[in-house]
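In case it helps, numbering that gives the first Met the number 0 puts the sequence shown at residues 0 to 156.
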Amino acid sequence: MKIKLKENLLNSFLSVAALSAVIFAVVFSFIYQKRWIGVIFLIIGFIHLLVLKLFRIKVKAVLPDIIFGVIDNGILVIAAIIGAGFAGVLGAIIGGGAANAVTDGSAGIFEGWTAEYLRKHRIEEKRTVLSASIGKMAGCFFGAAIILIIAWTILAL
């Protein structure tokens with residue numbers, strides 16, 4: 000049992016690490032394309048959903064993690080943009096850091112509520128190391144994408 004648990008943890012870590020390497024390569028190649036980065040984040044979010052499908056994990060099963068990521072990173076990006084407007088890079092770091100602490104708590108409320116809702120309606124909520132991490136990553140990209148598309152593409156800030 001211990002060996003299987005360690006194998007699952009290692010496989011999950013390697014899968015997330017490989018996915019992260021691809022993400023960094025894509026994001027860095029678009030880093031100066033301000034108007035496109037929100038769309039790129041949206042595409043990356045959908046790629047995470049495809050990865051879930053490859054591992055035969057239903058999106059509904061990780062909906063609490065996705066909701067967490069959307070709220071967490073969405074609010075964090077708003078705070079970083081506002082902080083950058085006030086004090087440049089330092090303001091973005093401080094705004095993002097402070098918002099992250101606050102949003103982890105508030106996004107956790109929505110994550111918990113969604114999990115309870117799924118259980119109440121007898122929707123299987125199978126959370127594993129891999130599904131929780133990829134679900135949260137997808138949600139974080141969706142949350143950032145929504146805000147960046149609004150801020151940099153629609154509003155042209």
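Beta carbons are placed, not taken as given, at the ideal position from N, Cα and C, and that holds for glycine. Given the structure is predicted, the values throughout are model-derived calculations rather than measurements.
8 Å Cβ shell around residue i - same chain, five flanking residues per side excluded
i, result
"Gly111", "Pro63"
"Ile148", "Gly37, Val38, Leu41"
"Leu156", "Ile80, Ala150"
"Thr127", "Asn7, Ser11, Ile56"
Beta-carbon spacing of residue i, residue j below 7 Å
i, j, result
"Ala98", "Ala83", "no"
"Ala144", "Phe40", "yes"
"Ile146", "Val76", "yes"
"Thr159", "Arg34", "Because the chain is modelled from 0 through 156, residue 159 falls outside the range shown and cannot be assessed."
"Ala60", "Lys125", "yes"
"Phe67", "Ala106", "yes"
"Ile74", "Thr102", "yes"
"Ile81", "Gly94", "yes"
"Ser58", "Leu49", "A quick correction: the sequence has Val, not Ser, at residue 58. Cβ distance not < 7 Å, so Val58 and Leu49 don't count as in contact."
Residue i: first and last residue of the uninterrupted alpha helix (DSSP H) it sits in
i, result
"Phe140", "128 to 147"
"His47", "33 to 53"
"Leu117", "62 to 119"
With 16 other Cβ atoms within 10 Å as the buried cut-off, status of residue i
i, result
"Phe140", "buried"
"Gly44", "buried"
"Asn10", "exposed"
"Val69", "buried"
"Gly87", "exposed"
"Ala91", "buried"
"Leu51", "buried"
"Leu129", "buried"
Cutoff 7 Å; reference residue i; Cβ partners in own chain excluding five residues on either side
i, result
"Tyr31", "none"
Cβ neighbours of residue i in the same chain (closer than 6 Å, five flanking residues each side left out)
i, result
"Ile46", "none"
"Asn72", "Cys139, Gly142, Ala143"
"Val25", "none"
"Leu117", "Glu124"
"Ile122", "Lys59"
For the stretch 27 to 43 against the stretch 110 to 126, do three or more pairs of beta-carbon atoms, one drawn from each stretch, fall closer than 8 Å, so that the two count as touching? no
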